[in-house]
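Q: First the structure, which I've put down as structure tokens, then a few questions once you've had a look.
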Amino acid sequence: MPNIDWSHFIEQYRQNDAHWYVSKIKSYDIESLRQLRQGLKLLDQWFVRFESLAGNETALLSTFVRPKLKGSNDAQEIAGLYRWTPATELFFAWLLDRHHVISQVNRPTGIRERYNAILQMMDEGKSYRNLKTRFGEKLLNDLAANARNFSSVFKKLGLAWVQSGQTVSITLTGERFKDASSDEELRAIFERQVLKWQLYNPTLSARYRDLRIFPLIFLLQILLQLKPAQLSKLEYVLFVTKAQKMDELERVIGQIVAWRTLSQEQHEEIIKALSQPQSARRRPVFIELADSANKEMEFFALTSPLRRTTVDGAIGITLADHKRAQHFVSLRGKKPVFIEFESELDWFSYYGDWTTGPTVADAIEYYAQIGEIEKAQTLASQPDATKQDKSRVRQAVQERHIEDYFIEHLDLIEKGLRLYQQGNRSGKQYKTPINRIDSLCLDRHNQFVIVEYKKNKSADETVGQTLRYMGWVRINLAGGKKVRGVIVAEKIDDKTKYAIQGMQWPRGSEPITLLEHSFKINPVKL
Numbered sequence: 002m003p004n005i006d007w008s009h010f011i012e013q014y015r016q017n018d019a020h021w022y023v024s025k026i027k028s029y030d031i032e033s034l035r036q037l038r039q040g041l042k043l044l045d046q047w048f049v050r051f052e053s054l055a056g057n058e059t060a061l062l063s064t065f066v067r068p069k070l071k072g073s074n075d076a077q078e079i080a081g082l083y084r085w086t087p088a089t090e091l092f093f094a095w096l097l098d099r100h101h102v103i104s105q106v107n108r109p110t111g112i113r114e115r116y117n118a119i120l121q122m123m124d125e126g127k128s129y130r131n132l133k134t135r136f137g138e139k140l141l142n143d144l145a146a147n148a149r150n151f152s153s154v155f156k157k158l159g160l161a162w163v164q165s166g167q168t169v170s171i172t173l174t175g176e177r178f179k180d181a182s183s184d185e186e187l188r189a190i191f192e193r194q195v196l197k198w199q200l201y202n203p204t205l206s207a208r209y210r211d212l213r214i215f216p217l218i219f220l221l222q223i224l225l226q227l228k229p230a231q232l233s234k235l236e237y238v239l240f241v242t243k244a245q246k247m248d249e250l251e252r253v254i255g256q257i258v259a260w261r262t263l264s265q266e267q268h269e270e271i272i273k274a275l276s277q278p279q280s281a282r283r284r285p286v287f288i289e290l291a292d293s294a295n296k297e298m299e300f301f302a303l304t305s306p307l308r309r310t311t312v313d314g315a316i317g318i319t320l321a322d323h324k325r326a327q328h329f330v331s332l333r334g335k336k337p338v339f340i341e342f343e344s345e346l347d348w349f350s351y352y353g354d355w356t357t358g359p360t361v362a363d364a365i366e367y368y369a370q371i372g373e374i375e376k377a378q379t380l381a382s383q384p385d386a387t388k389q390d391k392s393r394v395r396q397a398v399q400e401r402h403i404e405d406y407f408i409e410h411l412d413l414i415e416k417g418l419r420l421y422q423q424g425n426r427s428g429k430q431y432k433t434p435i436n437r438i439d440s441l442c443l444d445r446h447n448q449f450v451i452v453e454y455k456k457n458k459s460a461d462e463t464v465g466q467t468l469r470y471m472g473w474v475r476i477n478l479a480g481g482k483k484v485r486g487v488i489v490a491e492k493i494d495d496k497t498k499y500a501i502q503g504m505q506w507p508r509g510s511e512p513i514t515l516l517e518h519s520f521k522i523n524p525v526k527l
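Counted the way our numbering counts, the sequence shown spans residues 2 to 527.
Below, the structure written as structure tokens:
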């Protein structure tokens, strides 16, 4: 039986408020997933696939968000409609209400009446500018809170990038989620994201920076060893949600086992000590964590290996599927790999990519992409690294040299080509919500050119990825200018050529050019 110094435990607990913070929504259940799917469909329809709207819908959004200004052109109009602003945020809240995804019923009567008046005026086609003049920005901002709640969860689950002043991007995972045809499929996508979710990640504040943990995997490891295989809310708040690293498993299990041997009187003494005010300006850490614990436990309990239960009269978690839990923990027999992401965009593009996971191979791929070759080499030297992992590192070093060479000699790709520059932000490894562009360039006519170096991807992946980047740049940066792509590879295979020919553009005007290299660039004839 572990010997716990509970006085020391209380002291340490009160000093550190970092924990497994989960975005709070009304509830985490299958109905909330259905609502998220419906909200994501609306977001996609109105703010991503804008051109597919009917004429009257286009006019409605255009009039509300950005009334026609003298001298403005269609490209400026479309760019304004795509971007996430207070106006588009409120319009999304209106869509959620009118499609019965949310309701104002539970609002206080006075507030509900004013909200309904705003929504009614939006039904009549009034503009955001008109509403702001009549009702004031604060009330409009309050009504838009529902839209912010949805967009926050989209981002937390890696479904959609929704950022003020930027355009909306639906991820590969988000596409699967909005097109899911059953509750089982919704749950499967959700739990895959929860399995990938790592703390720390760059969406969180600095208080979480020391965390190096995969919460769901850690929680399953605990329950696989506990008897009975369940956790009370108190046990979760006291021990589980405060774990910071994967190697703390035995310590946390020991604390839970020791806690279960204490008397009710001892439990009450510890809780009383943890509940004492820490300062005049903030509540005790224990109280804050206890308030958020219900939603956090619901979040994990929505995955298939776990189930919500009642323990000691409060919410608890129990292990519902032992075999499934072991499958999640093993990650095909390997330990999950924590990745040190450089930015929020890097984390999001990984998290929203359906094909990635917390594996050695994906960590190596990321470090190779950002030029952290030493970190990739360290991972490749681990005991569970495969021959393919080691080969990928060697390949990454070669690819890095090739990319660096062409950055210095862009004229070899095309005369007059130069890196795009946006303030201090370079076009080299240009970050976007849908991954990094190898080289974002401008040609001699100031048109955008996407340069991608074909790495260890198939022809379909390379061409598809290049087209996605071209679409993102067209919407976000091009301002009506043409956007082209160039794929550079040591050898261009027939599959890649067929993929370009399948676009059926006139010969010589293809949107993507294929180039072979051996440090001597040769255009490829289709």
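The beta carbon of each residue, even a glycine, is placed where N, CA and C say it ideally should be.
#1: Return the chain-ordered ranges of every beta strand (DSSP E) run that is complete within the region 277-364 and spans a minimum of 3 residues.
#2: Whole angstroms are fine: how far does the CA of Ile488 sit from the CA of Gly137?
#3: For Arg401 and Gly372, which I take to be in contact (beta-carbon distance under 8 Å), what is that distance rounded to the nearest angstrom?
#4: Could you spell out where the alpha helix (DSSP H) holding Val258 opens and where it closes?
#5: Quick check: the Cα distance between Asn447 and Ala326, rounded to an integer number of angstroms?
#6: Does the contact criterion of 3 or more C-beta pairs under 8 Å hold for the region 332-350 versus the region 182-191?
#7: Leaving out five residues on either side along the sequence, give the residues of the same chain with a beta carbon under 6 Å from the beta carbon of Ser153.
#8: Using DSSP with H/G/I as helix, E/B as strand and the rest coil, what is Val23?
#9: Quick one: what's got a C-beta closer than 6 Å to Ser8's C-beta in the same chain, skipping five residues either side?
#10: Assuming Val238 and Phe287 are in contact, meaning their beta carbons sit under 8 Å apart, how far apart are those beta carbons, in whole angstroms?
#11: Return the chain-ordered list of same chain residues with a C-beta closer than 7 Å to the C-beta of Ala364, the five sequence neighbours on each side being excluded.
#12: Counting pairs of beta carbons, one from the region 188-203 and one from the region 348-358, are three or more of them closer than 8 Å?
#13: Using the rule of at least 16 other Cβ atoms within 10 Å of the residue's Cβ for burial, across every protein chain shown, is Ala148 buried or exposed?
#14: Tell me the start and end of each unbroken beta strand (DSSP E) in the region 449-486 that is at least 3 residues and wholly inside, in chain order.
#15: Measure the alpha-carbon distance for Lys296 versus Thr387 and round it to whole angstroms.
#16: Do Ile414 and Val452 have their C-beta atoms closer together than 9 Å?
#17: Three or more C-beta pairs under 8 Å: does that hold for the region 163-178 against the region 103-122?
#18: Could you check the C-alpha separation between His268 and Glu462 for me, to the nearest Å?
#19: Enumerate in chain order the residues of its own chain whose CB-to-CB distance from Glu58 is below 8 Å, with the five nearest sequence positions on each side excluded.
#20: With H, G and I counted as helix, E and B as strand and the rest as coil, what does DSSP make of Ser427?
#21: Which one of Phe342, Leu441, Leu62 has the shortest CA to CA distance from Pro203?
#22: Within a Cβ cutoff of 8 Å, which residues of the same chain sit near Arg208, ignoring the five residues on either side of it in sequence?
#23: Taking the beta strand (DSSP E) that Ser63 belongs to, which residues open and close that run?
#24: Could you give the first and the last residue of the continuous alpha helix (DSSP H) run that contains Leu173?
#25: Checking the sheet assignment: what are the DSSP bridge partners for Ala369?
#26: Using a 10 Å radius around the Cβ and a threshold of 16 neighbouring Cβ atoms, would you call Asp439 buried or exposed?
#27: If the criterion is Cβ atoms closer than 9 Å, does the pair Ile501 and Trp473 meet it?
#28: Consult DSSP for Arg15 and reduce its assignment to one of helix, strand or coil.
#29: How would you write the range of the beta strand (DSSP E) that Ser104 sits in, first residue to last?
#30: With a 10 Å radius around its C-beta and 16 neighbouring C-beta atoms as the bar for buried, classify Tyr499 as buried or exposed.
#31: Put Ser206 into one of helix, strand or coil per three-state DSSP.
#32: Looking at the structure shown, is Arg50 part of a helix, part of a strand, or coil, going by DSSP?
#33: Given Ile11, which residues of its chain have a CB within under 7 Å of its CB, disregarding the five upstream and five downstream residues?
#34: Would you identify the three-state DSSP class for Val394, choosing helix, strand or coil?
A: Quick look at the numbers:
#1: Counting only runs of at least 3 residues, the region 277-364 fully encloses the following beta strand (DSSP E) elements, listed from N- to C-terminal order: 307-312, 315-320.
#2: Their backbone Cα atoms lie some 51 Å apart in a straight line.
#3: Arg401 to Gly372, Cβ: 6 Å. Contact.
#4: Secondary structure note for Val258: its alpha helix (DSSP H) is the uninterrupted segment 250-262.
#5: Taking the straight line from one Cα to the other gives about 54 Å.
#6: No, the region 332-350 is not in contact with the region 182-191.
#7: Excluding the 5 residues flanking it on each side, Ser153 has same chain C-beta neighbours closer than 6 Å at Ser24, in chain order.
#8: Coil.
#9: Hits under 6 Å: none found.
#10: Here Val238 really is in contact with Phe287; their C-beta atoms are around 7 Å apart, less than 8 Å.
#11: For Ala364, same chain residues with a beta-carbon under 7 Å away, outside a window of 5 residues either side, are Val338, Ile340, Leu380 in chain order.
#12: They touch, by the three-pair rule.
#13: Taking every protein chain shown into account, the CB of Ala148 has 16 or more other CB atoms within 10 angstroms, so this residue is buried.
#14: Runs of the beta strand (DSSP E) inside the region 449-486: 449-454.
#15: Distance between the alpha carbons of Lys296 and Thr387 is about 39 Å.
#16: With a cutoff of 9 Å on beta-carbon distance, Ile414 and Val452 are scored as near each other.
#17: Contact between the region 163-178 and the region 103-122 is absent, because fewer than three Cβ pairs lie under 8 Å.
#18: Taking the straight line joining both Cα atoms gives about 56 Å.
#19: Excluding sequence positions up to five before and after Glu58, its CB lies within less than 8 Å of the CB of Trp47, all in the same chain and listed in chain order.
#20: Reduced to three states, the DSSP call for Ser427 is strand.
#21: Closest option to Pro203, judged by alpha-carbon separation, among Phe342, Leu441, Leu62: Phe342.
#22: Taking C-beta separations shorter than 8 Å and ignoring five residues to either side along the sequence, the partners of Arg208 in its chain run Asp18, Ala19, following chain order.
#23: Where Ser63 is concerned, there is no enclosing beta strand (DSSP E), although the alpha helix (DSSP H) it sits in stretches over 56-66.
#24: From DSSP, the alpha helix (DSSP H) with Leu173 extends over 173-179.
#25: DSSP, once it has assigned bridges, lists no residue as partnering Ala369.
#26: Counting Cβ neighbours within 10 Å, Asp439 comes out buried, since at least 16 surround it.
#27: Not closer than 9 Å, so no.
#28: Here Arg15 sits in helix by DSSP.
#29: Careful: Ser104 lies outside any beta strand (DSSP E) and carries neither H nor E.
#30: Taking every protein chain shown into account, the CB of Tyr499 has fewer than 16 other CB atoms within 10 angstroms, so this residue is exposed.
#31: Three-state result, Ser206: coil.
#32: Correct three-state label for Arg50: coil.
#33: Within the same chain, Ile11 has close Cβ partners Ile271, Ala274, Leu275.
#34: The three-state secondary structure of Val394, taken from DSSP, is helix.
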